[in-house]
Amino acid sequence: MMSKGQGFGFGLGKMKELSEAFKKAQQVQEGAKKLQEELEQMEIEGQSGGGLVKVVLSGNQEPKRVSISPDAMNEGAEVLSDLVSAAMRDAYIKSTETMRERMEELTGGLQLPGL
Numbered sequence: 001m002m003s004k005g006q007g008f009g010f011g012l013g014k015m016k017e018l019s020e021a022f023k024k025a026q027q028v029q030e031g032a033k034k035l036q037e038e039l040e041q042m043e044i045e046g047q048s049g050g051g052l053v054k055v056v057l058s059g060n061q062e063p064k065r066v067s068i069s070p071d072a073m074n075e076g077a078e079v080l081s082d083l084v085s086a087a088m089r090d091a092y093i094k095s096t097e098t099m100r101e102r103m104e105e106l107t108g109g110l111q112l113p114g115l
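Following this line, the structure appears as structure tokens:
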């Protein structure tokens, strides 16, 4: 037996809180979409061997291009593949940090439960 005005055990305050949370979640979602577009346009460069090899990734880690200087070519295949790997790792680390920073900016100040 429910007493009048109790509804589903949801006080009015709760409803207000809930709608605020929804509003914030929506803002985050819109921001995330914008961020995704920004990340796609972004170019993050990793390098190795003091710039002998450069790898460019988009902000969401899609490979864009690799440039290899003629000097690096003279190092031989094994060294060259190490240089390419190192440059890729460098670009990957930078893009991961960039992504994390942007996500923190996006969700910063939002007390979303469970995040």
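One point on numbering: in UniProt numbering, the residue at position 98 of the sequence shown is 98, and numbering is uninterrupted. Built from N, CA and C at the ideal position, the CB exists for glycine as well.
Around the C-beta of L52, 16 or more other C-beta atoms lie within 10 Å, and the residue is accordingly described as buried. Around L35, the same chain offers R102 and L106 as residues with beta carbons nearer than 7 Å, after the five sequence neighbours per side are excluded. Rounded to whole angstroms, the Cβ separation of G46 and M99 is 14 Å, and the two are not in contact under 8 Å. For E45, the enclosing beta strand (DSSP E) begins and ends at I44 to S48. For Y92, the closest of I68, R65, A72 and Q61 by C-alpha to C-alpha distance is Q61.
Taking 8 Å as the cut-off, the beta carbon of L39 is found no closer than this to the beta carbon of S69.
In this structure, the alpha-carbon of S48 lies about 37 Å from that of E30. If the five residues before and after V66 are omitted, its C-beta is found closer than 8 Å to the C-beta atoms of V53, K54, V55, V56, V84 and A87, all from its own chain and listed in chain order. Counting the other Cβ atoms within 10 Å of the Cβ of A72 gives 16 or more, which makes it buried.
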